[in-house]
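**Student:** Here it is, the structure in full.
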Amino acid sequence: MNEDLKIAQAATLEDIETIAAKAGIAKEYLEPYGRDKAKVDTKIFASLKDRPDGKLILVTAITPTKAGEGKSTTTIGLVDGLNKIGKKAMGALREPSLGPVFGLKGGATGGGHAQVIPMEAINLHFTGDMHAITTANNLIAAMLDNSIYQGNPLNIDPTKVVWKRCMDMNDRTLRSITIAQDKKTNGVERKDGFVITVACEVMAILCLSKDLHDFQQRIARCVVAYTYDDKPVTVKDIQADGAATVVMKEALKPNLVQTLEHNPVLIHGGPFANIAHGCNSLIATKLALKLSDYVVTEAGFGADLGAEKFLDIKCRIGNLHPSAVVIVATVRALKMHGGVEQENLQTENVEAMLAGAENLQKHIDSIQAFGLPYVVAINKFVKDTPAEVDALLSWCKDHNHPVCLADGWAKGGAGMTELASCVSELCEKENHYAPIYDVNDSIEDKLTKIATTVYGAKDVEFSDEAKAKIVQFAKYGWDKLPVCVAKTQNSLSDDAKLKGRPRDFTVHVRDLSISAGAGFVVAYTGTILTMPGLPKVPAAVHMGVDENGNTYGLF
115 MNEDLKIAQA ATLEDIETIA AKAGIAKEYL EPYGRDKAKV DTKIFASLKD RPDGKLILVT
175 AITPTKAGEG KSTTTIGLVD GLNKIGKKAM GALREPSLGP VFGLKGGATG GGHAQVIPME
235 AINLHFTGDM HAITTANNLI AAMLDNSIYQ GNPLNIDPTK VVWKRCMDMN DRTLRSITIA
295 QDKKTNGVER KDGFVITVAC EVMAILCLSK DLHDFQQRIA RCVVAYTYDD KPVTVKDIQA
355 DGAATVVMKE ALKPNLVQTL EHNPVLIHGG PFANIAHGCN SLIATKLALK LSDYVVTEAG
415 FGADLGAEKF LDIKCRIGNL HPSAVVIVAT VRALKMHGGV EQENLQTENV EAMLAGAENL
475 QKHIDSIQAF GLPYVVAINK FVKDTPAEVD ALLSWCKDHN HPVCLADGWA KGGAGMTELA
535 SCVSELCEKE NHYAPIYDVN DSIEDKLTKI ATTVYGAKDV EFSDEAKAKI VQFAKYGWDK
595 LPVCVAKTQN SLSDDAKLKG RPRDFTVHVR DLSISAGAGF VVAYTGTILT MPGLPKVPAA
655 VHMGVDENGN TYGLF
């Protein structure tokens with residue numbers, strides 16, 4: 115059995131009422147889902163409005179590899195480490211998607227002795243948020259196609275429908291389909307497709323809404339199609355905004371769980387960072403900031419994706435000012451960026467690791483561009499050699515980068531106290547955080563700024579289709595919105611094969627879409643897909659339930 119699952123299954127959980135009391139959540143605002151998880155009624159905000167906000171700490175990482183980086187493990191371990199040194203700290207994390215759980219990447223509840231529990235429930239159905247998002251999205255799709263079928267009063271061009279159906283699963287066969295075949299009573303036949311739930315706009319809106327009223331206003335603005343004369347049609351136009359909000363009423367409430375060391379964590383929302391904005395909900399983050407002195411959150415994948423979107427989109431929309439950034443790196447991953455194949459990672463190779471440190475340097479440069487204090491966290495693996503660890507520590511010190519060892523996987527909070535002390539000191543420093551672009555810049559200029567400053571690109575190339583969309587979006591004022599780049603997570607460039615720190619490359623923007631409800635423009639680069647596929651041997655084939663009713667194979 116997977117070691118992480120074993121540890122999680124052996125854990126003794128405290129009643130969620132006890133965790134809520136520890137977090138300062140009054141019983142009247144707690145809505146338990148069994149004994150070990152609960153939703154928090156957002157009416158709690160009125161009782162907390164006079165409290166000052168705590169310090170916001172972002173955990174990001176180098177470009178991910180198959181060797182693993184451990185961003186969630188570091189985030190959860192840091193929550194425990196801060197509490198271990200006497201600070202009042204909470205975590206604010208994303209909900210895992212079923213696609214990666216059954217596919218290749220696995221869940222998102224941390225690992226070893228730095229986990230949130232109940233691990234199985236969080237990684238699977240949890241409190242039903244993913245199902246609510248899927249239902250709301252597909253309700254809108256059904257009402258849209260019904261409007262076209264029932265006489266098409268809005269003059270919608272069926273070839274210009276842009277709202278996709280969704281499901282929270284990796285299924286490549288649904289990327290491009292034809293609907294309403296065979297009979298006229300089935301509807302108007304047209305091309306359609308699915309995206310994975312975590313890439314749909316409803317998910318982004320959940321994560322960027324201030325409250326339920328704001329959610330309905332945002333969902334109403336979503337563009338679902340265009341008319342024959344190219345005018346946008348919205349969710350409000352098809353009269354689906356009220357029903358979609360009803361479906362999402364409970365899902366807007368953040369979820370409370372605990373770490374293995376019984377510290378409170380809010381888990382809410384789960385957009386992918388390679389095709390969406392990659393951050394947990396504003397509601398959960400803002401609630402945690404009112405309840406604790408330190409809030410540790412993470413943004414998906416490397417600093418080029420999740421961190422950039424956290425700092426350019428989420429913080430801008432939510433008026434957040436982060437206090438410090440933790441950049442996670444592992445010896446193993448840096449060796450891969452230095453040219454070592456996965457099967458050779460257990461062989462000591464200081465030279466390759468130092469070559470791979472160029473990738474770490476680029477992510478540090480990006481965080482510095484936002485004006486934020488940072489620390490490098492070396493997430494320890496059991497088979498890292500002393501020579502490799504010492505060499506990485508020396509590299510950081512030689513380059514004047516603050517650095518700490520992070521041993522949360524093996525030791526929990528006790529292995530994170532050095533990092534916790536460093537982070538708490540960083541939080542007291544004055545910083546000059548600012549997004550790296552002005553939203554009033556053109557779409558081309560914003561994308562060029564991200565590509566050159568954060569990715570290290572030479573320039574950006576726009577397809578004819580992307581250029582046409584830029585002109586169209588400017589007509590509706592959408593060019594004044596932030597931009598969310600859909601890009602491979604496996605490279606700083608838009609070519610997944612380019613490891614380390616590629617230079618002199620061009621980013622290719624092939625298409626754009628508008629997420630008017632979420633409040634940003636999405637730019638699609640390279641060959642990025644919004645519906646992933648399963649690998650040749652999915653994680654699902656190793657899962658099951660034993661004769662005692664215990665799950666195995668989940669990670």
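Heads up: the sequence shown begins at 115 in the numbering used here, then just goes up one per residue.
C-beta: ideal position from N, C-alpha, C; glycine also.
Fair warning: this is a prediction, and the values are worked out from it, not measured in the lab.
#1: How about Asp512 and Lys494: do their beta carbons lie closer than 8 angstroms?
#2: Where does Ala209 land, buried or exposed, given buried means 16+ other C-beta within 10 angstroms?
#3: Does DSSP put Ala600 in a helix, in a strand, or in coil?
#4: With a cut-off of 8 angstroms on the beta carbons, I'd call Leu119 and Leu668 a contact; round off their distance for me.
#5: Given this structure, state the Cα-to-Cα distance separating Met115 from Tyr342, to the nearest angstrom.
#6: In or out: Pro178 buried (at least 16 other Cβ within 10 Å) or exposed?
#7: Please classify His435: is it buried, with 16 or more other beta-carbons within 10 angstroms of its beta-carbon, or exposed?
#8: Just reading off the beta strand (DSSP E) that Arg279 is part of, what are its end residues?
#9: Taking the alpha helix (DSSP H) that Thr249 falls in, what are its first and last residues?
#10: For Met115, does the three-state DSSP call read helix, strand or coil?
#11: Following the continuous alpha helix (DSSP H) through Pro500, name the residue where it begins and the one where it ends.
#12: Rounded to whole angstroms, what's the CA-CA distance from Glu128 to Gln372? Just pull it up for me.
#13: Count Cβ pairs between the region 454-471 and the region 408-428 that sit closer than 8 angstroms; are there 3 or more?
#14: Here's the rule I'm using: 16 or more other beta-carbon atoms within 10 Å means buried, otherwise exposed. How should Val349 be labelled?
#15: Going straight from the alpha carbon of Leu595 to that of Glu502, what length do you get?
#16: Do you know how far the Cα of Val621 is from the Cα of Asn604?
#17: Tell me which same chain residues have a C-beta within less than 6 angstroms of the C-beta of Val568, skipping the five on either side of it?
#18: Just to confirm the assignment: which complete beta strand (DSSP E) runs, minimum length 3, are found wholly within the region 373-459?
#19: Which value, in whole angstroms, describes the spacing of the CA atoms of Gly470 and Pro267?
#20: Where does Leu474 sit, in a helix, a strand or coil, going by DSSP?
#21: Mind listing, in chain order, the continuous alpha helix (DSSP H) runs of no fewer than 4 residues lying wholly within the region 512-600?
#22: How should Ile291 be labelled, buried or exposed, when 16 other C-beta atoms within 10 angstroms of its C-beta is the threshold for buried?
#23: Would you identify the three-state DSSP class for Ile481, choosing helix, strand or coil?
#24: Along the chain, where does the alpha helix (DSSP H) that runs through His327 open and close?
#25: As a quick exercise: from Val597, Val517 and Lys525, pick the residue whose alpha carbon is nearest that of Tyr551.
#26: Between Val464 and Ala175, what straight-line distance do the alpha-carbon atoms span, to the nearest angstrom?
#27: Jot down the residue ranges of each uninterrupted alpha helix (DSSP H) in the region 337-368, minimum 4 residues, whole runs only, in chain order.
#28: In terms of residue numbering, what span does the alpha helix (DSSP H) encompassing Ala233 cover?
#29: Pick helix, strand or coil for Pro214, following the three-state DSSP scheme.
#30: Start and end of the alpha helix (DSSP H) containing Ile133?
#31: How is Gln229 classed by DSSP in three states: helix, strand or coil?
#32: Excluding the five sequence neighbours on either side, which residues of its own chain have a C-beta within less than 8 angstroms of the C-beta of Asp194, listed in chain order?
#33: Could you name each continuous beta strand (DSSP E) segment of 3 residues or more that falls completely within the region 610-640, going from the start of the chain to the end?
#34: Use the C-beta contact count for Glu315: other C-beta atoms within 10 angstroms, 16 or more gives buried, fewer gives exposed.
#35: Please report how far the alpha carbon of Val445 lies from the alpha carbon of Ala222, in whole angstroms.
**Tutor:** Inspection of the coordinates gives the following:
#1: no
#2: It should be noted that the sequence gives Glu, not Ala, for residue 209. Result: buried.
#3: Ala600: strand per DSSP, three-state reduction.
#4: 5 angstroms
#5: In this prediction, Met115 scores a pLDDT of 44, lower than 50, which makes its location untrustworthy; no coordinate-derived value is stated.
#6: buried
#7: exposed
#8: Arg279 to Met281 is the extent of the beta strand (DSSP E) around Arg279.
#9: Asp243 to Tyr263
#10: Residue placement at Met115 is poorly supported in this model, since its pLDDT is 44, which falls under 50; the coordinates are not used for a value here.
#11: Pro500 to Asp512
#12: 8 angstroms
#13: no
#14: buried
#15: 44 angstroms
#16: 14 angstroms
#17: Asp418, Glu422 and Ser480
#18: The qualifying runs are 378-381, 408-412 and 438-443.
#19: Taking the straight line from one Cα to the other gives about 58 angstroms.
#20: helix
#21: For the region 512-600, whole alpha helix (DSSP H) runs of length 4 or above, ordered along the chain, are 522-525, 531-540, 557-564 and 578-589.
#22: exposed
#23: helix
#24: Leu326 to Arg335
#25: Val597
#26: 20 angstroms
#27: 355-362
#28: Residue identity differs from the one stated: residue 233 is Met in this sequence, not Ala. Per DSSP, Met233 is one residue of the alpha helix (DSSP H) stretching across Met233 to Asn237.
#29: If DSSP states are grouped into helix, strand and coil, Pro214 belongs with the helices.
#30: Ile130 to Ala137
#31: strand
#32: Ala228, Thr373, Leu374, Glu375, Asn377, Gly522, Gly526, Gly527 and Met530
#33: 620-629 and 634-639
#34: Residue burial is scored here from C-beta neighbours: Glu315 has at least 16 other C-beta atoms within 10 angstroms and is therefore classed as buried.
#35: 21 angstroms
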